[in-house]
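J.: First the structure, which I've put down as structure tokens, then a few questions once you've had a look.
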Amino acid sequence: MEIPKAYDPKQAEENHYQRWEASGFFTPEINQDPNAEKYSIVIPPPNVTGSLHMGHALQHTIMDVLTRWKRMQGYRTLFLVGVDHAGISTQLMVTRQLKKEEHKTPQDIGREAFTEKVWQWKDKYGGEITRQMRREGISVDWSRERFTMEESLSAAVREVFVRLYDEGWIYRGTRIVNWCPKDKTVLSDLEVKEEKAKDGKLYYLQYPVVSSNGKRPVESGFQHITVATTRPETMLGDTAVAVNPDDDRYKYLIGKKIALPLTNREIPIIADEYVESEFGTGAVKITPAHDPNDWEVGDRHGLEKLVIMNDDATMNAAAGEEFVGLDRYEARSKVIERFEELGLLEKIVDHEMTLPHCERCKTVIEPLLSLQWFVRMDEMRDLALELMEKQGLPRFFPEVPHRKVYTAWLENLKDWTISRQLWWGHQIPAWYDSDGNVTVARSREEAEEKSGITGLTQDADVLDTWFSSALWPFSTLGWSGETDETPPDLQAFYPTDVLVTGRDIIFLWVSRMVMTGMKFIGKKPFDDVVITGTVLDKNGQRMSKTKANGVDPLDVFEKFGVDATRMTLAGSATGADFAWRDEKVESYRNFANKIWNAMRFCLLNVGNERLEFPLQRAGLDNGAPPPEGGTPNLADRWITSRLNKTAIDVNRALAKYEFHTAVSLLYHFFWDDFCDWYIELKKDEINAGDIAASSNILSILEQALRLLHPFMPYLTEELWQKLPGTGSGFHNAAYKDADATIMLADFPLGDAALIDEAAEAEMASLIGVISKVRNIRSEMNISPAVRFTVHIAGGAEIRAVFAANEAQILKLARADKIVLGESLDVPKASAKAVIANAEIAVPLEGLIDFDKERERLNNQITKLDTEHERLNGQLSNADFVQKAPPEKVEALRERKTEIEQQVKTLNHNLEALG
RNA sequence: GCCGACUUAGCUCAGUGGUAGAGCACUCGCUUCACACGCGAUAGGUCAGAAGUUCAAAUCUUCUAGUCGGCACCA
């Protein structure tokens, strides 16, 4: 068989994905076992406007590893994929396009036409992210792909809204909300990010007091009270000044009135505990319509709530003739200017502070009094908290710190603002009559029936995108509120097994799925939550569009292959941030090539026609004796042991979501055990055309490829298909009728009975001897071309091992003769070494450099001495001997004796050199 | 302000009580018939600092320093 010298990932990627999908391998229906257990994962739906980034690639890889792992074990697996309609992002994107192409605003064309445009945009460009996801090789069921705006998911949204409203968990009310003046919509607290203000200032404004008869000294000719504010423009909406009731400086002013400058209003001076006397001047201007704290104060004191801004943060008529139409920052300058003219500006001081920004467009948020829809969170929160307290669910991986953070957040949860002033999204299912009376219903018909009125108007707002996301684990499985019959997918796959996502949406999404799942299905949506780390750039900085330091997964796929990228991502520790390095991917690209070439070697001397018999399984499946004609030689016993140990450990690691451990186990099994030692030991047999040996090595390789498949699906499929003899007979029983593919092959769980400690120990001696001889050659500067005799002395048992593997030692140590004996009988001009149970000598007449040899021996002695010293210290410590576990003490004693023996031998050798 | 994480070889990172590890980079040698995306052999760390618990600490506790993150407040 002609196999190219280097692995070409692109070819393998093109070869397999389409076939996998077309053959239905990704769907749960491929599983023919009626008793199969299910395993399900729903993907966090990426934004329809999004493009693939490393964070996605990381999460998708992990979910796919889990899914492929379980699928190969015969689970009925569903890896459900879908896309989020992403209200604000999408609306902005289409608005921009509309402006560019038609020079129109959404308002110009109207709601219906605009929504139609968005759908068109979605059909044309919305598939981008899913096209990119196909390249990741993820085994998601595309036939079940969902979109949050499709009808069945929208029906679920309406159902949930109506039920929550009917039970009083959703309400409409006037509150101070986070308003983005650019996007012109309200935002939830979670969509607002605090950022340091560039040049924060605190402005001290003097407010004249009306009809004061107090005794306070008056510097500027009239009685005033000074307030400090960071937003002077809001003074136009002040309806009181507040002081702390215990503040002696101001006690006498409580109840007096202020003549509010720049307006013709008089406002009261009130006392409220909320005011901290130490901050600023201890007197606070109160603007109930433009500050959440002030709103509460206003509520307590029955103050007027004067709205002075429009929805684009320009001043409205209530701000006064002089200010109307000005932007908030223009108004700020103007207010300051006017105060200065009036001699009422006391001072301006620098003030470090943070300001709330719109997460999306970075505009400074304006707290605004507004009529919106809210979800009351107290009862919802309790559902989630109770699940955590009573059952410890969901389990977070890593548990620290996420469990605590999640719980703490729930405990302090405020109501959730769910209405958005957008056109793209789920329109709120509330209808109004001409008097503004509201009817909440699943449809217009139902609303009209409920209210007995026709000609109702639907609420213009849509719901927060996260409202529909919160229903994702069950809305995607067919739930839309019908209670008489459970949809089959919901029955089969809910609750899901694990959720994999980034820590940024634990609150936005994870917590809300838990709440809605408990509320509407009565069951948790998932058991486990795996929180991935953040992929940083090579300098440890967050990747961001503005910094343009992002690494595009598609570029990496192109350069190093999908499998190498997947290994890199899965190889990062669960939950830990890590800096992206191309070198890392490069090393996994090399790894793929290494395996490719291992396979290539195994097949070089095996024609298809010569290997038509079923592959021998090296006893892997049933502990059967080794194949006839093949001796159960050390290498075979050893690699079988290593493979089974690796399989057990890989399964164990995956069960704990320790992907990096699994990656490292596989890497070292393939490279060190299989390639460096097993292939090298078997080389002569293989090259001699020994069919039994080829059969064995291919059996091991075939099993190992299955172990690797969840991580490197393309490479393993490509190689597995090339293996003579593979077919659907290798499948897990649940897939026996499916077309042959490694992705349905039985996943090796490993058999503890096949772990052969004796073989591992013997092999350690063999490796020890070969390594020591190589060390001698290298340190003594002896050319690889030179062949020499190797003398080995040791007990009868280990001598038998060396005798049985003489050919291998000759080859790997590049020796031409092995002399075995009870003791060494070599000339003085020999280089020597020791291992635990043998002595090694290489006679080097004319080649030896005695100084070098002395140095070499001394080096070995020094190393052993250091260890000996430490052991001695420990063992002469009475406390240690008394308190440490006896087997520990015994092990150290044995090691100490061993070292003493070796040192003795080495010293002897040293003396012999003269 | 509150909570948390991190600090281990030149770099990027594993390692939760018992002899400090990997990949890359570095040094030396190699056209050894699978692979130079390779092979072989070295070198490189008082595990941020200090104190404590323990027979035993990279690992547990406390403090300090630095880096990063989350939450809250901010008139």
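Count along the first sequence from 1, add 6, and you get the number used in our numbering. In this text, a Cβ means the ideal position worked out from N, Cα and C, and glycines have one as well. Keep in mind the model is a prediction, meaning the values are calculated, not measured.
(1) Measuring only the C-alpha atoms, how far is N864 from E20?
(2) How would you call V102, buried or exposed, if buried means at least 16 neighbouring beta carbons within 10 angstroms?
(3) Taking the beta carbon of W4 as the centre, do at least 16 other beta carbons fall within 10 Å, making it buried, or is it exposed?
(4) Nearest to I527 by CA position, among P10, P50, V166 and E896, is which residue?
(5) Are M321 and G308 closer than 9 Å when you measure CB to CB?
(6) By how many angstroms is the C-alpha of T293 removed from the C-alpha of K257?
(7) Given that a residue counts as buried once 16 or more other Cβ atoms are within 10 Å of its Cβ, and exposed if not, what is T121?
(8) On the DSSP bridge list, what partners appear for L721?
(9) How far does the alpha helix (DSSP H) with T96 in it extend, from its first residue to its last?
(10) Would you call the region 460 to 468 and the region 419 to 435 in contact, with 3 or more CB pairs under 8 Å?
(11) Quick check on L64: does DSSP put it in helix, strand or coil?
(12) Helix or strand or just coil, what does DSSP make of I854?
(13) Hey, how far is the Cα of W644 from the Cα of V832?
(14) What residue from Y741, T868 and I782 has the CA that sits closest to N41's CA?
(15) Are at least three pairs of beta-carbons, each pair with one atom in the region 356 to 368 and one in the region 197 to 207, less than 8 Å apart?
(16) Suppose you measure from the CA of E272 to the CA of R181; what does that come to, to the nearest Å?
(17) What number of angstroms, rounded off, separates the C-alpha of D439 from the C-alpha of S457?
(18) Should F736 go down as buried or exposed, given a rule of 16 or more other Cβ atoms within 10 Å for buried?
(19) What are the start and end residues of the alpha helix (DSSP H) that includes P112?
(20) If L268 sits next to G326, beta carbons under 8 Å apart, how far is it from one beta carbon to the other, in whole angstroms?
(21) Would you mind sorting Y720 into buried or exposed? The rule is 16 or more other CB atoms within 10 Å of its CB.
(22) Measuring straight from C-alpha to C-alpha, what distance separates A744 and A751?
(23) Just tell me which of E197, G261 and P494 has its CA closest to the CA of N250.
(24) In whole angstroms, give me the CA-to-CA distance for S226 and T232.
(25) If you drop the 5 nearest sequence neighbours on each side, which residues of the same chain put their C-beta closer than 8 Å to that of D627?
(26) Starting from the N-terminal side, write out each stretch of the alpha helix (DSSP H) that is 4 residues or longer and does not extend beyond the region 504 to 533.
(27) Should E118 be labelled buried (16 or more other beta-carbon atoms within 10 Å of its own) or exposed?
(28) With which residues is G800 paired in a DSSP beta bridge?
(29) I'd like the list of long-range same chain contacts for V921, defined as Cβ closer than 8 Å, with 5 residues on each side in sequence excluded.
(30) Terminal residues of the continuous beta strand (DSSP E) containing T652?
(31) Out of G461, G431, E455 and E452, which one is the CA nearest neighbour of D441?
(32) Report the three-state DSSP secondary structure of V124 (helix, strand or coil).
(33) Contact defined as beta carbons within less than 8 Å: I believe L713 pairs with V656. What is the distance between those atoms, to the nearest angstrom?
(34) Do D318 and G288 have their CB atoms nearer than 9 Å?
(35) Following the continuous beta strand (DSSP E) through H363, name the residue where it begins and the one where it ends.
(36) Would I94 and T191 qualify as a contact pair, given that the criterion is a beta-carbon distance under 9 Å?
T.: Quick look at the numbers:
(1) As a first step, residue 864 is located in the first sequence; it is residue number 858 there, counting from the start. As a first step, residue 20 is located in the first sequence; it is residue number 14 there, counting from the start. Approximately 57 Å between the Cα atoms of the pair.
(2) Your numbering for residue 102 matches position 96 in the first sequence. Looking at the sequence itself, residue 102 is Arg, so the reference to Val does not match. So R102 ends up on the exposed side.
(3) There is simply no residue 4 to check, as the chain begins at 7 and stops at 920 in what is shown.
(4) Taking the first sequence and counting its residues from 1, one reaches residue 527 at position 521. Checked all of P10, P50, V166 and E896; the closest Cα to I527 is V166.
(5) One-based indexing of the first sequence puts residue 321 at position 315. One-based indexing of the first sequence puts residue 308 at position 302. Contact: no.
(6) Translated into positions along the first sequence, residue 257 becomes position 251. Translated into positions along the first sequence, residue 293 becomes position 287. Approximately 21 Å, taken between the alpha carbons.
(7) Numbered from its first residue, the first sequence carries residue 121 at position 115. By the neighbour-count rule (16 or more Cβ atoms within 10 Å), T121 is buried.
(8) Along the first sequence, read from residue 1 onward, the residue named residue 721 stands at position 715. Beta-bridge partners assigned by DSSP to L721: none are found.
(9) Locating residue 96 in the first sequence gives position 90, counting from the first residue. It spans G93 to E108 - the alpha helix (DSSP H) in which T96 sits, taken as one unbroken run.
(10) With a cut-off of 8 Å, the region 419 to 435 and the region 460 to 468 count as touching, because enough Cβ pairs lie within range.
(11) On the first sequence, residue 64 is found 58 positions in, with the first residue counted as 1. In this structure, L64 counts as helix in the three-state DSSP scheme.
(12) Counting from 1 along the first sequence, the entry for residue 854 is found at position 848. The answer is coil: DSSP assigns I854 none of H, G, I, E or B.
(13) For the purposes of this step, residue 644 is taken as residue 638 along the first sequence, with counting starting at 1. For the purposes of this step, residue 832 is taken as residue 826 along the first sequence, with counting starting at 1. Those two C-alpha atoms are separated by around 32 Å.
(14) Counting from 1 along the first sequence, the entry for residue 41 is found at position 35. The residue with the shortest Cα to Cα distance from N41 is Y741.
(15) By the Cβ test, the region 356 to 368 is in contact with the region 197 to 207, since at least three Cβ pairs between them sit closer than 8 Å.
(16) Residue numbering aside, residue 272 sits at position 266 when the first sequence is read from its first letter. Residue numbering aside, residue 181 sits at position 175 when the first sequence is read from its first letter. Our two residues, E272 and R181, have alpha carbons roughly 25 Å apart in a direct line.
(17) On the first sequence, residue 439 is found 433 positions in, with the first residue counted as 1. On the first sequence, residue 457 is found 451 positions in, with the first residue counted as 1. Their backbone Cα atoms lie some 9 Å apart in a straight line.
(18) As a position in the first sequence, residue 736 is number 730, starting the count at 1. Its Cβ being crowded by 16 or more others within 10 Å, F736 is buried.
(19) In the first sequence, residue 112 corresponds to position 106, counting from 1. Counting along the chain, the alpha helix (DSSP H) containing P112 begins and ends at P112 to I115.
(20) Mapped onto the first sequence, residue 268 falls at position 262. Mapped onto the first sequence, residue 326 falls at position 320. Yes, L268 and G326 are in contact; Cβ-Cβ is about 7 Å, under 8 Å.
(21) In the first sequence, counting from the first residue as 1, residue 720 sits at position 714. Here Y720 is buried: its Cβ has 16 or more other Cβ atoms, across all protein chains shown, within 10 Å.
(22) As a position in the first sequence, residue 744 is number 738, starting the count at 1. As a position in the first sequence, residue 751 is number 745, starting the count at 1. Rounded to whole angstroms, A744 to A751 spans 10 Å at the Cα level.
(23) Reading the first sequence from its first residue, position 244 is the one you call residue 250. Answer by Cα proximity: G261.
(24) Here the question's residue 226 lines up with position 220 in the first sequence. Here the question's residue 232 lines up with position 226 in the first sequence. In this prediction, S226 has a pLDDT of 44, which is less than 50 and means its spatial position is unreliable; nothing more can be read from the coordinates.
(25) As a position in the first sequence, residue 627 is number 621, starting the count at 1. Any reading at D627 must be qualified, since the residue scores a pLDDT of 43, below 50, and its modelled position is unreliable; the value itself is stated next. Once the five neighbours on either side are set aside, D627 has no close Cβ partner at all.
(26) When DSSP assignments are scanned along the region 504 to 533, the uninterrupted stretches of alpha helix (DSSP H) that are 4 or more residues long and fall wholly within it turn out to be 517 to 522.
(27) In the first sequence, the residue the question calls residue 118 occupies position 112. The residue in question, E118, is exposed, as its Cβ has fewer than 16 Cβ neighbours within 10 Å.
(28) Within the first sequence, numbered from 1, the residue matching residue 800 stands at position 794. For G800, which the question treats as bridged, DSSP gives the partners A844.
(29) Coverage of the chain is limited to positions 7 through 920, which leaves residue 921 absent and any answer about it impossible.
(30) Mapped onto the first sequence, residue 652 falls at position 646. Element bounds for T652: not the beta strand (DSSP E) but the alpha helix (DSSP H), L640 to A661.
(31) Along the first sequence, one-based indexing puts residue 441 at 435. Here the closest residue by C-alpha is G461.
(32) The residue you call residue 124 lines up with position 118 of the first sequence. Of the three classes helix, strand and coil, the one that applies to V124 here is helix, per DSSP.
(33) Locating residue 713 in the first sequence gives position 707, counting from the first residue. Locating residue 656 in the first sequence gives position 650, counting from the first residue. Contact check for L713 and V656: beta-carbon distance about 6 Å, within the 8 Å limit, so the pair qualifies.
(34) On the first sequence, residue 318 is found 312 positions in, with the first residue counted as 1. On the first sequence, residue 288 is found 282 positions in, with the first residue counted as 1. The beta carbons of D318 and G288 sit no closer together than 9 Å.
(35) Taking the first sequence and counting its residues from 1, one reaches residue 363 at position 357. Counting along the chain, the beta strand (DSSP E) containing H363 begins and ends at T360 to C364.
(36) Here the question's residue 94 lines up with position 88 in the first sequence. Here the question's residue 191 lines up with position 185 in the first sequence. Contact: yes.
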